[in-house]
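Here the structure comes first, spelled out in structure tokens, and everything after it is commentary.
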């Protein structure tokens, strides 16, 4: 059962992480700032997970990036694109719709357990 749960959580996290990243980047942030922000919200992420995701979102034109080399160390800053904002809205709508369906199904289970179909 643990493997089934772990697989499910991994699949859910992938989608949630994409949405979370595009939600964070209305203002430019570099990698460490993104990691810190995600961790503060409870979505713990490591560099090995975040950077491939950032590259994929940039390749899909949801994010843009620029290098800042004037400081003590070069940093790559990321920001959501206009296209990314459109997709983000659609992703959030999808998440809300799915969440509403899950809540209805959960309520149905709770109603059945209180004396519905299972109590004969």
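In UniProt numbering, the protein residues as written are 1 to 120.
No residue lacks a Cβ here, since even glycine has one placed at the ideal position from N, Cα and C.
Keep in mind it's a predicted model, so treat the numbers as computed, not measured.
Residue i - partner residues in DSSP beta bridges
{"i": "residue 67", "result": "76"}
{"i": "residue 29", "result": "78"}
Cβ-based neighbour list, residue i, same chain, cut-off 8 Å, excluding 5 preceding and 5 following
{"i": "residue 37", "result": "24 and 29"}
{"i": "residue 87", "result": "22 and 62"}
{"i": "residue 81", "result": "61, 62, 63 and 64"}
{"i": "residue 35", "result": "45, 46, 47 and 50"}
Residue i - DSSP class collapsed to helix/strand/coil
{"i": "residue 114", "result": "coil"}
{"i": "residue 15", "result": "helix"}
{"i": "residue 84", "result": "helix"}
{"i": "residue 44", "result": "coil"}
{"i": "residue 54", "result": "helix"}
{"i": "residue 60", "result": "coil"}
Classification of residue i by the beta-carbon crowding that lies within 10 angstroms, buried from 16 upward
{"i": "residue 109", "result": "exposed"}
{"i": "residue 92", "result": "exposed"}
{"i": "residue 84", "result": "buried"}
{"i": "residue 105", "result": "exposed"}
{"i": "residue 54", "result": "buried"}
{"i": "residue 57", "result": "buried"}
Cβ-based neighbour list, residue i, same chain, cut-off 7 Å, excluding 5 preceding and 5 following
{"i": "residue 8", "result": "none"}
{"i": "residue 118", "result": "Confidence at residue 118 is low in this model, with a pLDDT of 48, below 50, so the placement of that residue is unreliable and no value is reported for it."}
6 Å CB neighbourhood of residue i in its chain, flanking five on each side removed
{"i": "residue 79", "result": "25, 28 and 64"}
Q) Are at least three pairs of beta-carbons, each pair with one atom in the stretch 68-79 and one in the stretch 101-111, less than 8 Å apart? A) no
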